[in-house]
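Below is one structure, written out as structure tokens, with a few remarks after it.
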Amino acid sequence: MEKKYNRAAEDIGNIVGIGHVNLCIDDQHKATNFYISGLGYTRDPFLNTGAGNMWVNVGMSQFHLPMGEPDVLRGTTGLVMPDRKALLDRLKRAKKALDGTKFDFRESNDGVETVCPWGNRITVHEPLGRQLSSSRTERQHAE
């Protein structure tokens with residue numbers, strides 16, 4: 001018997017993965033300080049290494065950051081990273097280099113909410129198992 005794909009059973013109601021986010025930027029130094037030094041991602045070492053377009057690797061996905069009039073998305077991009085403390089330490093170090101931009105970050109129950117130098121919002125979440133175990137650990141320390 002041929003198994004049929006059931007879209008309704010597989011639909012969880014949200015996007016669970018994207019290949020690329022394309023955003024124009026006007027300054028690769030600011031982008032490097034935010035995406036590479038702050039968030040901890042990697043500039044693609046093989047493709048688009050010139051000054052006209054910056055590709056930033058995020059696991060199997062990428063931010064494509066061509067030079068131009070900066071784009072600001074209406075929504076929030078959500079990413080998953082395993083080490084919240086290391087992320088917060090990197091963002092604190094990036095703060096001085098991004099002074100005078102829209103850069104910001106804060107911790108929330110959902111993760112670390114960041115704002116890029118141009119105003120795009122990215123919330124970085126911990127993997128689900130870590131959220132549960134870190135909450136349990138925090139409760140244990142509070143008792």
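All the letters of the sequence shown, read from the start, carry residue numbers 1 to 143 under our numbering.
Virtual Cβ for every residue (Gly too), placed ideally from N, Cα, C.
- The continuous beta strand (DSSP E) containing Asp104 extends over residues Asp104 to Glu107.
- Secondary structure note for Arg84: its alpha helix (DSSP H) is the uninterrupted segment Arg84 to Ala94.
- Taking a contact to require three or more Cβ pairs closer than 8 Å, the stretch 95-110 and the stretch 51-65 do not qualify as touching.
- Bounds of the beta strand (DSSP E) holding Val58 are Asn53 to Val58.
- Taking a contact as a CB-CB distance under 8 Å, the pair Val56 and Leu87 does not count as one, their CB atoms being some 15 Å apart.
- Here Pro117 is near Lys30, since their CB atoms are less than 8 Å apart.
- Around the beta carbon of Thr42, a 10 Å sphere encloses fewer than 16 other beta carbons of the protein chains shown; the residue is thus reported as exposed.
- Only residues of its own chain outside the window of five on either side were considered, and among them Asn33 have a CB closer than 6 Å to the CB of Ala97, listed in chain order.
- Beyond the five residues adjoining it in sequence on each side, Arg90 comes within less than 8 Å, by CB distance, of Ser37, Gly38, Leu39 and Gly40 in the same chain, given in chain order.
- For Ala31, the enclosing alpha helix (DSSP H) starts and ends at Gln28 to Ala31.
- The C-alpha of Asn120 lies about 22 Å from the C-alpha of Pro82.
- Bounds of any beta strand (DSSP E) do not take in Gly19, whose DSSP letter is neither H nor E.
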